[in-house]
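J.: Here you go, one structure.
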Amino acid sequence: MGSGGLTERVALVVLEKCRSRIQVRQVEAQLILQRLHSNSRIGQRLIGACQSHGLLPSALVLYTSVPPTPNLFIFNTLIKAFSQTLTPLWIYSHMRRQSLLPNNFTFPPLFNSLCHVTQAQCLHTHVLTLGHHRDLFVHNSLLHAYASSRHVSLCRRLFDEMPHNDVVSWTVLIAAYNNVAAYSESLLVFEQMQYAGFAPNRVTMINALDACAHSANIQMGAWIHAAVKSHAWELDVVLGTALVDMYVKCGRLEEGLRVFGSMEEKNVFTWNAVIKGFALAKSGHDAIWWFKRMESDGVRPDKVTLLAVLSACSHAGLVDEGREVFGFLVDGRYGFVPNVKHYACMVDVLARSGRLKEALEFMEDMPFEPTKTMWGSLLAACKLQGRLELGLLAATKLVEMEPENTAYYVHLSNLYAAMGRWNDVENVRGMMKDRKLTKDFGCSSVEVERQRHFSE
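Next comes the structure, spelled out in structure tokens:
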């Protein structure tokens with residue numbers, strides 16, 4: 001390095017060329033010796049090198065314990081580097097203790113790292129106190145923090161109070177309503193945005209399509225598709241998948257498949273949308289066919305794919321196909337083991353097809369305890385097929401698992417009534433009374449007779 005040591009220019013080049021953790025540490029040590037680590041440009045490059053080689057904790061220790069105190073630029077760089085962790089809030093607090101005031105570049109990555117709405121509210125106060133409330137970039141980041149934490153009322157209030165909005169602000173608000181399944185409100189905001197003179201961008205359209213898909217609003221979905229065509233936007237994998245998902249969830253499989261066919265690039269989410277569409281349409285054989293085509297095209301299925309396939313098998317009564325897919329899943333063919341949702345789907349496959357004993361045995365042999373969903377599938381199938389004793393077991397389990405759910409007591413009481421076990425019916429009513437649960441069971445002779453001949 002020569003008798004004069006590192007210069008700023010040389011240090012920047014050396015940091016750029018570091019290819020290992022050891023090299024980064026060697027350069028870091030030299031920078032500390034020459035007190036160059038507090039240089040803004042060098043600090044930014046050093047933090048980047050540490051991030052690339054898994055040494056961010058080392059950079060954090062350096063800049064929070066080794067003098068001199070870094071400037072705001074370096075603290076902002078640290079906060080941004082740690083933005084996917086819980087550390088930025090601590091860095092921010094340390095920075096404030098050093099009497100450094102944040103600027104408009106401090107807050108956006110800080111908001112992205114938050115995990116609780118109270119933290120966002122606290123920092124919101126800082127934004128107001130320090131005079132950054134008119135910065136649109138800061139405001140949009142805070143808006144996103146409220147949206148991500150599912151506090152749509154706070155998100156809406158902030159949006160309405162913002163002195164200026166842009167397409168990002170509107171898009172975040174649309175996403176906020178989607179996050180709480182308020183899809184009608186989401187689409188209303190989408191319309192208001194355009195009345196206010198803001199043209200939607202691709203991200204806006206993707207969020208609006210998601211709202212259309214979940215609310216089965218085919219009119220708005222088709223309008224968005226037409227708008228995409230009129231803008232001559234390239235149908236990339238994200239926008240294309242959103243269109244496919246919207247069409248199939250609205251029951252327009254043919255339109256969805258046309259979009260699918262026009263896409264140059266597809267990923268696992270695109271294929272999943274098609275397979276889920278056939279599952280929703282109860283077209284089990286088609287879902288299986290597309291699943292096999294997906295594999296033959298070299299696309300590796302994920303957990304959602306297998307859930308969709310098993311669900312399609314369940315609704316179409318394809319027991320053998322469901323068993324085969326689940327068997328491949330257990331054997332590790334797809335690179336992961338089945339989770340509780342896959343097991344629940346397999347219970348449903350067996351129960352819907354009338355294999356109730358087999359479904360119960362399957363539940364007993366699972367590597368974990370049966371869930372409410374599984375007992376619910378078994379109960380529904382038992383009621384349809386008149387298997388009262390087994391249905392009684394399922395209803396009893398549901399009551400044990402969720403003793404505050406009135407519906408489970410009703411099922412239990414109805415099953416006892418269908419079996420003529422009137423004392424047990426009264427016992428169930430007594431349990432509900434003790435737990436302060438209310439439900440109108442009816443007391444007329446007609447209702448009693450209906451219960452005696454229970455069938456659903």
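Using UniProt numbering, you'd call the opening residue of the sequence shown number 1 and step up by one each time. C-beta: ideal position from N, C-alpha, C; glycine also.
From what residue to what residue does the alpha helix (DSSP H) around His225 run?
T.: Position 225 of the sequence shown, counted from the first residue, corresponds to residue 225. Counting along the chain, the alpha helix (DSSP H) containing His225 begins and ends at 218-230.
J.: Residues in the same chain with beta-carbon distance under 7 Å from Lys229, minus the five sequence neighbours each way, listed in chain order, please.
T.: As a position in the sequence shown, residue 229 is number 229, starting the count at 1. If we look at Lys229 and ignore the five residues flanking it on each side, it has no Cβ neighbours.
J.: Label Ser413 either buried or exposed according to how many other C-beta atoms from any shown protein chain fall within 10 Å of its C-beta, with 16 as the threshold for buried.
T.: Locating residue 413 in the sequence shown gives position 413, counting from the first residue. Buried, since its Cβ has 16 or more Cβ neighbours within 10 Å.
J.: Please report the straight-line C-alpha distance between Gln34 and Ile74, rounded to a whole angstrom.
T.: Residue numbering aside, residue 34 sits at position 34 when the sequence shown is read from its first letter. Residue numbering aside, residue 74 sits at position 74 when the sequence shown is read from its first letter. Their Cα atoms are separated by approximately 17 Å.
J.: Taking Thr106 as the reference, give the member of Thr204, Val117, Ser93 with the closest Cα.
T.: The count along the sequence shown starts at 1 and reaches residue 106 at position 106. Here the closest residue by C-alpha is Ser93.
J.: Quick one: is Cys18 buried, meaning 16 or more other Cβ sit within 10 Å of its Cβ, or exposed?
T.: Start at 1 with the first residue of the sequence shown, and residue 18 comes out as number 18. The C-beta of Cys18 has 16 or more other C-beta atoms within 10 Å across all chains shown, which makes the residue buried.
J.: Cα separation between Ser215 and Ala176?
T.: Reading the sequence shown from its first residue, position 215 is the one you call residue 215. Reading the sequence shown from its first residue, position 176 is the one you call residue 176. Taking the straight line joining both Cα atoms gives about 15 Å.
J.: Measure how close the beta-carbons of Glu28 and Leu46 come, nearest whole angstrom, since I'm counting them as under 8 Å.
T.: By 1-based counting over the sequence shown, the position of residue 28 is 28. By 1-based counting over the sequence shown, the position of residue 46 is 46. About 6 Å separates the beta carbons of Glu28 and Leu46, which is inside the 8 Å limit, making them a contact pair.
J.: Figure out for me which residue from Arg421, Met419, Val399 has the closest Cα to the Cα of Met431.
T.: To locate residue 431, count along the sequence shown from 1; it is residue 431. Ranking Arg421, Met419, Val399 by Cα distance to Met431 puts Val399 first.
J.: Is it true that the segment 265-278 meets the segment 299-309, where meeting means three or more beta-carbon pairs spaced less than 8 Å apart?
T.: yes
J.: Just to confirm the assignment, what range does the alpha helix (DSSP H) spanning Met205 have?
T.: For this step, residue 205 is matched to residue 205 along the sequence shown. Taken as a continuous stretch (DSSP letters only), the alpha helix (DSSP H) holding Met205 covers 202-215.
J.: Might you give, ordered along the chain, the residues of its own chain that have their beta carbon closer than 8 Å to the beta carbon of His315, omitting 5 neighbours on each side?
T.: Your numbering for residue 315 matches position 315 in the sequence shown. Closer than 8 Å at the Cβ level, and outside the excluded window around His315, lie Ala279, Lys282, Gly284, Arg352.
J.: Does Tyr343 pass the burial test, meaning 16 or more other C-beta atoms within 10 Å, or should it be called exposed?
T.: What you label residue 343 is simply residue 343 of the sequence shown in a count that begins at 1. So Tyr343 ends up on the buried side.
J.: Kindly indicate which residue of Val138, Ser184, Val248, Tyr183 has the alpha-carbon position closest to the one of Asn165.
T.: Mapped onto the sequence shown, residue 165 falls at position 165. Nearest neighbour of Asn165 by Cα position, chosen from Val138, Ser184, Val248, Tyr183, turns out to be Val138.
J.: So Val326 and Met346 are in contact, right, with Cβ under 8 Å, and what is the actual spacing, rounded?
T.: As a position in the sequence shown, residue 326 is number 326, starting the count at 1. As a position in the sequence shown, residue 346 is number 346, starting the count at 1. For the record, residue 326 in the displayed sequence is Phe; it is not Val. Phe326 to Met346, Cβ: 5 Å. Contact.
J.: Give me the Cβ distance between Ser141 and Phe111, rounded to the nearest whole Å; I'm assuming they're in contact under 8 Å.
T.: Stepping through the sequence shown from its first residue, residue 141 is reached at position 141. Stepping through the sequence shown from its first residue, residue 111 is reached at position 111. Right, their Cβ atoms sit about 4 Å apart.
J.: Distance, Cα to Cα, His151 vs Leu158?
T.: Within the sequence shown, numbered from 1, the residue matching residue 151 stands at position 151. Within the sequence shown, numbered from 1, the residue matching residue 158 stands at position 158. Rounded to whole angstroms, His151 to Leu158 spans 11 Å at the Cα level.
J.: Quick one: grab the DSSP three-state call for Ala196.
T.: Position 196 of the sequence shown, counted from the start, is the residue given in the question as residue 196. Residue state, collapsed to three classes: coil.
J.: Within 10 angstroms of the Cβ of Ala242, are there 16 or more other Cβ atoms? Answer buried if so, exposed if not.
T.: In the sequence shown, counting from the first residue as 1, residue 242 sits at position 242. Its Cβ being crowded by 16 or more others within 10 Å, Ala242 is buried.
J.: Residues in the same chain with beta-carbon distance under 8 Å from Arg21, minus the five sequence neighbours each way, listed in chain order, please.
T.: Looking up residue 21 in the sequence shown gives position 21. Excluding sequence neighbours, Arg21 sits near His53, Gly54, Leu55.
J.: State the DSSP-derived secondary structure class of Phe441, mapped to helix, strand or coil.
T.: The count along the sequence shown starts at 1 and reaches residue 441 at position 441. Annotation note: pLDDT 45 at Phe441 (below 50); position unreliable, no value reported.
J.: Helix, strand or coil for Asn178? Go by DSSP, reduced to three states.
T.: Sequence index remark: in the sequence shown, residue 178 carries index 178 (1-based). Here Asn178 sits in helix by DSSP.
J.: Since Asn178 contacts Ser186 with CB under 8 Å, what's their CB separation in whole angstroms?
T.: Within the sequence shown, numbered from 1, the residue matching residue 178 stands at position 178. Within the sequence shown, numbered from 1, the residue matching residue 186 stands at position 186. The pair is a contact, with the Cβ atoms about 5 Å apart (cut-off 8 Å).
J.: What do you reckon, are the CB atoms on Leu390 and Leu360 nearer than 8 Å?
T.: Position 390 of the sequence shown holds residue 390. Position 360 of the sequence shown holds residue 360. Yes, they are a contact pair.
J.: Could you name each continuous alpha helix (DSSP H) segment of 4 residues or more that falls completely within the segment 412-441, going from the start of the chain to the end?
T.: 422-434
J.: Am I right that Arg258 and Trp233 are in contact with their C-beta atoms under 8 Å? What's the rounded C-beta distance?
T.: Residue 258 sits at position 258 when you count from the first residue of the sequence shown. Residue 233 sits at position 233 when you count from the first residue of the sequence shown. With 8 Å as the limit, Arg258 and Trp233 do not qualify as a contact, their Cβ atoms being about 17 Å apart.
J.: Where does Gly251 land, buried or exposed, given buried means 16+ other C-beta within 10 angstroms?
T.: Position 251 of the sequence shown holds residue 251. The residue is exposed, with fewer than 16 neighbouring Cβ atoms inside 10 Å.
J.: With residue 470 as the anchor, note down where its alpha helix (DSSP H) starts and where it stops.
T.: Residue 470 is absent from the model: the chain starts at 1 and stops at 456.
J.: Could you tell me which of Thr438, Leu378, Asp236, Cys382 sits nearest to Glu404, measuring between CA atoms?
T.: As a working mapping, residue 404 is identified with position 404 in the sequence shown. Closest by alpha carbon: Thr438.
J.: Which stretch, first to last residue, makes up the alpha helix (DSSP H) that contains Arg300?
T.: Here the question's residue 300 lines up with position 300 in the sequence shown. No alpha helix (DSSP H) holds Arg300; DSSP gives it neither H nor E.
J.: Kindly indicate which three-state DSSP category His53 falls into: helix, strand or coil?
T.: As a position in the sequence shown, residue 53 is number 53, starting the count at 1. Coil, per DSSP.
J.: Can you list, in chain order, the residues of its chain with a C-beta nearer than 6 Å to that of Val14? Leave out the 5 residues immediately preceding and following it.
T.: On the sequence shown, position 14 is the one that residue 14 refers to. Excluding residues within five positions, the ones whose Cβ falls inside 6 Å are Val27.
J.: State the CB to CB distance for the pair Lys341 and Leu379, rounded to an integer number of angstroms; the pair is presumed to be in contact (CB under 8 Å).
T.: Reading the sequence shown from its first residue, position 341 is the one you call residue 341. Reading the sequence shown from its first residue, position 379 is the one you call residue 379. Contact flag wrong, Cβ pair sits at about 18 Å.
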